[in-house]
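Only one structure is covered here, and it is reproduced in the block below.
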Amino acid sequence: MADQSMSEPNRRDFLFLATGAAGAVAVGGVAWPLISQMSPDASTIAAGAPVEVDLAPIAEGRAITLKWRGKPIFVRHRTAAEIEASKKDDASGLPDPQPDAARIRAFEGKAQEQWVVVYGNCTHLGCVPIGFSGDFNGWYCPCHGSHYDNAGRIRKGPAPRNLDIPEFTFLSASKIRIG
Amino acid sequence: MAEHHSTYVPKTGFERWLDARLPIVRLMHDSAVSYPVPRNLNYFWTFGGILMFMLVSQIVTGIVLVMHYTPHVDHAFQSVEHIMRDVNYGWLMRYMHSNGASMFFIAVYIHIFRGMYYGSYKAPREVLWILGVVIFLLMMATAFLGYVLPWGQMSFWGATVITNLFSAIPVVGETIVVWLWGGYSVDNPTLNRFFSLHYLLPFMIFGVVILHVWALHHVGQNNPSGVEVKNYKKDTVPFTPYATVKDLFAMVCFMIFFAWFVFYHPNFLGHADNYIPADPLKTPAHIVPEWYFLPFYGILRAIPDKLGGVVAMFASIAILAFLPWLDTSKVRSGKYRPWFKFAFWTFVVVSVLLGYTGSQPTDKVVLSIGGRTILDMVGFAQILTAIYFAYFLVALPLLGLIEKPKALPASIADSVLGPAGSGHIAGAHAAPPKH
Numbered sequence: 105m106a107d108q109s110m111s112e113p114n115r116r117d118f119l120f121l122a123t124g125a126a127g128a129v130a131v132g133g134v135a136w137p138l139i140s141q142m143s144p145d146a147s148t149i150a151a152g153a154p155v156e157v158d159l160a161p162i163a164e165g166r167a168i169t170l171k172w173r174g175k176p177i178f179v180r181h182r183t184a185a186e187i188e189a190s191k192k193d194d195a196s197g198l199p200d201p202q203p204d205a206a207r208i209r210a211f212e213g214k215a216q217e218q219w220v221v222v223y224g225n226c227t228h229l230g231c232v233p234i235g236f237s238g239d240f241n242g243w244y245c246p247c248h249g250s251h252y253d254n255a256g257r258i259r260k261g262p263a264p265r266n267l268d269i270p271e272f273t274f275l276s277a278s279k280i281r282i283g
Numbered sequence: 305m306a307e308h309h310s311t312y313v314p315k316t317g318f319e320r321w322l323d324a325r326l327p328i329v330r331l332m333h334d335s336a337v338s339y340p341v342p343r344n345l346n347y348f349w350t351f352g353g354i355l356m357f358m359l360v361s362q363i364v365t366g367i368v369l370v371m372h373y374t375p376h377v378d379h380a381f382q383s384v385e386h387i388m389r390d391v392n393y394g395w396l397m398r399y400m401h402s403n404g405a406s407m408f409f410i411a412v413y414i415h416i417f418r419g420m421y422y423g424s425y426k427a428p429r430e431v432l433w434i435l436g437v438v439i440f441l442l443m444m445a446t447a448f449l450g451y452v453l454p455w456g457q458m459s460f461w462g463a464t465v466i467t468n469l470f471s472a473i474p475v476v477g478e479t480i481v482v483w484l485w486g487g488y489s490v491d492n493p494t495l496n497r498f499f500s501l502h503y504l505l506p507f508m509i510f511g512v513v514i515l516h517v518w519a520l521h522h523v524g525q526n527n528p529s530g531v532e533v534k535n536y537k538k539d540t541v542p543f544t545p546y547a548t549v550k551d552l553f554a555m556v557c558f559m560i561f562f563a564w565f566v567f568y569h570p571n572f573l574g575h576a577d578n579y580i581p582a583d584p585l586k587t588p589a590h591i592v593p594e595w596y597f598l599p600f601y602g603i604l605r606a607i608p609d610k611l612g613g614v615v616a617m618f619a620s621i622a623i624l625a626f627l628p629w630l631d632t633s634k635v636r637s638g639k640y641r642p643w644f645k646f647a648f649w650t651f652v653v654v655s656v657l658l659g660y661t662g663s664q665p666t667d668k669v670v671l672s673i674g675g676r677t678i679l680d681m682v683g684f685a686q687i688l689t690a691i692y693f694a695y696f697l698v699a700l701p702l703l704g705l706i707e708k709p710k711a712l713p714a715s716i717a718d719s720v721l722g723p724a725g726s727g728h729i730a731g732a733h734a735a736p737p738k739h
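Protein sequences, first through last, are from chains P and D. So for the first sequence, this note's numbering puts the first residue at 105; every next one is plus one. So for the second sequence, this note's numbering puts the first residue at 305; every next one is plus one.
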């Protein structure tokens with residue numbers, strides 16, 4: 105009997121492996137629902153449907169904050185001088201290099217460079233930066249001192265990225281849909 | 305404690321009957337009555353008992369609070385106010401629970417520093433020590449989850465900042481954060497799961513505490529001399545009454561301290577901003593964690609890189625688990641290590657200063673000459689972070705090799721009575737020295 109373990113796999117080996125494999129699949133099958141239930145549920149996803157925003161009431165040089173999917177979104181109407189200042193900084197060694205043109209969207213082929221739409225959460229740890237402040241007159245995050253310019257680009261501080269831009273499209277020159 | 309045999313003798317017929325079936329009375333007797341305790345323990349050794357008391361206090365007040373609290377974003381803040389104003393003694397239960405968390409951390413920090421000073425982590429107590437680090441981590445998680453439940457501004461933004469730490473993980477970070485939130489931001493699903501986990505974790509702590517005490521009773525307590533027990537008669541005293549009474553006395557003193565906060569300064573350790581309901585559109589001007597997280601928060605902010613900061617913060621806690629192998633000295637107690645003493649107290653001061661940097665705005669000036677900033681809060685925290693890690697990675701490995709320790713006493717009895725008195729049995733009067 106001693107040399108049986110050295111011989112060809114027998115029925116017992118097969119049963120052992122097959123039972124083990126079935127057990128592993130069963131454990132995984134039970135674990136998955138327990139993990140998956142923590143992901144956003146159907147009602148949360150439904151509540152995060154796209155929204156339309158009318159831009160007409162936002163005067164030049166002003167900004168609004170709206171709440172979408174539980175997060176703030178900044179919509180800023182830039183002045184010509186602000187756009188000029190932002191474009192001038194395109195080549196000034198940005199931490200997360202992106203030209204001003206990449207921070208805006210177009211309507212019918214025409215760049216709507218007066219409108220900057222960004223998520224209002226600092227890319228460092230998610231605080232809401234304060235508008236029209238900081239060293240670059242964009243946003244300043246009071247939590248850990250990140251400075252953004254008026255195009256929402258990170259200029260100074262611990263944040264790793266420019267402010268994220270939500271998915272949005274221009275429905276007309278004065279209306280956007282977010283999401 | 306191989307030499308320590310059970311001395312339990314069942315007295316009644318019932319006790320004999322039970323002992324043959326479930327020797328639970330024997331277990332209690334052996335671990336809390338006859339268990340031999342080194343005779344030279346000082347009051348720093350009473351914090352284990354104090355921590356046990358705090359854990360029970362937190363669980364009892366917590367269970368009571370749950371009877372009146374509502375884990376929903378629309379009701380959580382108001383239900384806490386309801387506890388404070390309407391529920392009989394609700395204010396007392398809540399203040400005991402919120403201040404109890406701080407007391408728990410005060411006691412655990414003293415307990416940890418005591419272990420570090422007297423080398424309690426060294427062989428054969430490595431597993432005992434690591435279980436302690438696990439308890440500490442569970443405590444931090446529990447405290448963080450609990451702080452979110454009142455759903456004030458600090459609750460909400462603390463939750464946002466801490467969950468966003470996970471977004472620093474490359475590739476899967478964002479997915480993990482959405483999974484943790486159960487949505488696109490910290491919201492009702494987040495509050496619900498935090499509540500569930502905040503109720504679960506204390507019981508997990510309780511489980512690990514049992515392992516911690518089991519490991520402790522297996523290897524025996526360390527003591528201020530760091531010398532192992534050699535002779536039970538001379539070096540130890542029975543747990544009851546010696547340790548029981550001393551622990552109880554220390555516990556009562558600690559309770560007075562605790563009560564002073566609960567009754568006279570119940571909000572001193574908290575933040576006024578948490579009495580403002582959570583607002584996802586407005587961040588408080590200055591987000592600060594509770595005081596017991598400040599040193600780690602200081603380390604997080606010291607590193608200008610997001611992933612680097614998160615890694616450094618977690619490393620500053622994880623490195624504790626490696627202490628038994630980073631400290632190369634054969635001598636346990638810091639009492640006999642002159643250079644270690646200096647390194648240890650530097651480490652304590654640096655830890656406190658890191659806490660200070662964590663509590664201050666990042667751009668605050670620490671040192672300026674003629675209006676020119678030499679050092680701001682971030683720079684100061686960077687220096688302190690370097691010293692913090694140097695203690696573990698440079699000082700402890702090197703000191704064991706180059707330091708010349710003082711002579712150790714031959715035994716625990718010697719350390720108390722001097723070599724002349726050690727011939728006497730514990731508890732007996734030492735003969736007055738004859739000249």
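No residue lacks a Cβ here, since even glycine has one placed at the ideal position from N, Cα and C. Note that the structure is a prediction, hence the values are computed from the model and not measured.
Taking just the CA atoms, how far does I416 of chain D sit from P736 of chain D? In the second sequence, residue 736 of chain D corresponds to position 432, counting from 1. In the second sequence, residue 416 of chain D corresponds to position 112, counting from 1. A caution first: P736 of chain D carries a pLDDT of 47, below 50, which makes its placement in the model too unreliable to give a value.
What is the DSSP secondary structure of E271 of chain P, reduced to helix, strand or coil? The residue given as residue 271 of chain P occupies position 167 in the first sequence. Of the three classes helix, strand and coil, the one that applies to E271 of chain P here is coil, per DSSP.
How many Å lie between Y347 of chain D and V517 of chain D at the Cα? Locating residue 347 of chain D in the second sequence gives position 43, where the first residue counts as 1. Locating residue 517 of chain D in the second sequence gives position 213, where the first residue counts as 1. Approximately 18 Å between the Cα atoms of the pair.
With which residues is T183 of chain P paired in a DSSP beta bridge? The count along the first sequence starts at 1 and reaches residue 183 of chain P at position 79. DSSP output for T183 of chain P lists no bridge partner at all.
Own chain residues within Cβ distance below 7 Å of H502 of chain D, not counting five before or after: Your numbering for residue 502 of chain D matches position 198 in the second sequence. Closer than 7 Å at the Cβ level, and outside the excluded window around H502 of chain D, lie T446, L449, G450 and L453.
Proximal chain P residues relative to D667 of chain D, where beta-carbon distance stays under 8 Å: Taking the first residue of the second sequence as position 1, residue 667 of chain D is located at position 363. In chain order: G249.
Please classify E271 of chain P: is it buried, with 16 or more other beta-carbons within 10 angstroms of its beta-carbon, or exposed? As a working note, residue 271 of chain P is residue 167 in the first sequence. The residue in question, E271 of chain P, is exposed, as its Cβ has fewer than 16 Cβ neighbours within 10 Å.
Nearest to P340 of chain D (by Cα), restricted to the options D:T632, D:R320 and D:K538: Residue 340 of chain D sits at position 36 when you count from the first residue of the second sequence. It is D:K538 whose Cα lies nearest to the Cα of P340 of chain D.
Which one of D:A690, D:Y312 and D:T374 has the shortest CA to CA distance from S500 of chain D? Taking the first residue of the second sequence as 1, we reach residue 500 of chain D at position 196. Per the Cα distances, D:T374.
Mind listing the chain D neighbours of D145 of chain P? Cutoff is C-beta to C-beta under 9 Å, in chain order. Taking the first residue of the first sequence as 1, we reach residue 145 of chain P at position 41. Correct list: G486, G487 and P493.
Thinking just about the alpha-carbon of each residue, which of D:R398, D:S310 and D:G419 is nearest to the one in F567 of chain D? Walking along the second sequence from the start, residue 567 of chain D turns up at place 263. Selected option, being the one with the closest Cα: D:R398.
I believe V408 of chain D touches M358 of chain D by the beta-carbon criterion, under 8 Å. Please report the beta-carbon distance rounded to the nearest angstrom. Locating residue 408 of chain D in the second sequence gives position 104, where the first residue counts as 1. Locating residue 358 of chain D in the second sequence gives position 54, where the first residue counts as 1. Per the sequence shown, residue 408 of chain D should be read as Phe rather than Val. 4 Å between Cβ atoms; contact.
If you follow the beta strand (DSSP E) that T540 of chain D is part of, which residue opens it and which one closes it? What you label residue 540 of chain D is simply residue 236 of the second sequence in a count that begins at 1. Segment T540 to P542, the beta strand (DSSP E) holding T540 of chain D.
Proximal residues, the region 204-230 of chain P versus chain D, C-beta separation under 9 Å: G224, N225, C226, T227, H228, L229 and G230
Considering only the alpha carbon of each residue, which of D:W649, D:V635, D:V513 and D:D609 lies closest to P199 of chain P? Sequence index remark: in the first sequence, residue 199 of chain P carries index 95 (1-based). It is D:D609 whose Cα lies nearest to the Cα of P199 of chain P.
Is P270 of chain P close to chain D? Criterion is C-beta to C-beta, closer than 8 Å. In the first sequence, the residue the question calls residue 270 of chain P occupies position 166. Closer than 8 Å: no.
Along chain P, in chain order, which residues have C-beta atoms closer than 7 Å to that of W483 of chain D? For the purposes of this step, residue 483 of chain D is identified with residue 179 of the second sequence, where counting begins at 1. Residues of chain P passing the Cβ test: M142 and S143.
Cβ of H372 of chain D less than 8 Å from any chain P Cβ? As a working note, residue 372 of chain D is residue 68 in the second sequence. Not an interface residue.
Which same chain residues, not among the five before or five after I534 of chain D, have their C-beta less than 6 Å away from its C-beta? Position 230 of the second sequence, counting from 1, holds the residue named residue 534 of chain D. For the sequence presented, residue 534 of chain D should be read as Lys rather than Ile. If we look at K534 of chain D and ignore the five residues flanking it on each side, its Cβ neighbours are S715.
Listed by chain order, chain D residues near R173 of chain P by CB distance under 8 Å: For the purposes of this step, residue 173 of chain P is taken as residue 69 along the first sequence, with counting starting at 1. By Cβ distance, chain D contributes G487, Y488 and S489.
List, from N- to C-terminal side, the alpha helix (DSSP H) runs of 4 residues or more that fit wholly inside the region 316-401 of chain D. 317-325, 328-336, 351-370 and 380-389
Is there a C-beta anywhere in chain P that falls below 8 Å from the one on N403 of chain D? Indexing the second sequence from 1 puts residue 403 of chain D at position 99. It does not: the Cβ of N403 of chain D has no partner Cβ on chain P nearer than 8 Å.
Could you say which of P:W243, P:V157 and P:A163 lies nearest to N254 of chain P if we only look at CA atoms? Position 150 of the first sequence holds residue 254 of chain P. Here the closest residue by C-alpha is P:W243.
Chain-ordered chain D contacts of G285 of chain P [CB-CB under 8 Å]: Within the shown structure, residues of chain P are numbered from 105 to 283, placing residue 285 of chain P beyond reach of any answer.
State the DSSP-derived secondary structure class of F562 of chain D, mapped to helix, strand or coil. As a position in the second sequence, residue 562 of chain D is number 258, starting the count at 1. Note: F562 of chain D maps to helix in three-state DSSP.
Sequence ranges, beta strand (DSSP E) only - wholly within the region 415-492 of chain D, length at least 3: none
Of the choices D:H522, D:G524 and D:I410, whose alpha-carbon is the least far from that of F561 of chain D? Within the second sequence, numbered from 1, the residue matching residue 561 of chain D stands at position 257. Residue D:I410 is the option with its Cα nearest to F561 of chain D.
From F558 of chain D to I354 of chain D, what distance separates their C-alpha atoms? Walking along the second sequence from the start, residue 558 of chain D turns up at place 254. Walking along the second sequence from the start, residue 354 of chain D turns up at place 50. Going from the Cα of F558 of chain D to the Cα of I354 of chain D covers about 8 Å.
Output the boundary residues of the alpha helix (DSSP H) element that contains F236 of chain P. Mapped onto the first sequence, residue 236 of chain P falls at position 132. No alpha helix (DSSP H) contains F236 of chain P, which is instead part of the beta strand (DSSP E) from I234 to S237.
Verify whether the separation of the beta carbon atoms of Y640 of chain D and K708 of chain D is less than 8 Å. Start at 1 with the first residue of the second sequence, and residue 640 of chain D comes out as number 336. Start at 1 with the first residue of the second sequence, and residue 708 of chain D comes out as number 404. No.
Whose C-beta lies closer than 6 Å to the C-beta of S361 of chain D among residues of the same chain, with five residues either side of it excluded? Here residue 361 of chain D is taken as the residue at index 57 of the second sequence, counted from 1. Excluding residues within five positions, the ones whose Cβ falls inside 6 Å are G404.
Spatial neighbours of W485 of chain D within its chain, please: C-beta separation below 8 Å, excluding the five flanking residues on both sides. Locating residue 485 of chain D in the second sequence gives position 181, counting from the first residue. The residues are T467, D491, P493 and T494.
Could you check whether G638 of chain D and F648 of chain D sit closer than 8 Å to each other, using their CB atoms as the reference points? Taking the first residue of the second sequence as position 1, residue 648 of chain D is located at position 344. Taking the first residue of the second sequence as position 1, residue 638 of chain D is located at position 334. The answer is yes: Cβ separation under 8 Å.
Does any C-beta atom of chain P lie closer than 8 Å to the C-beta of P542 of chain D? Here residue 542 of chain D refers to the residue found at position 238 of the second sequence. Answer no: the Cβ-Cβ gap between P542 of chain D and chain P never drops below 8 Å.
Indicate the three-state DSSP secondary structure (helix, strand or coil) for A210 of chain P in the structure shown. Residue 210 of chain P sits at position 106 when you count from the first residue of the first sequence. Of the three classes helix, strand and coil, the one that applies to A210 of chain P here is strand, per DSSP.
Would the region 412-428 of chain D and the region 578-594 of chain D be scored as touching if the rule is three or more Cβ pairs under 8 Å? no
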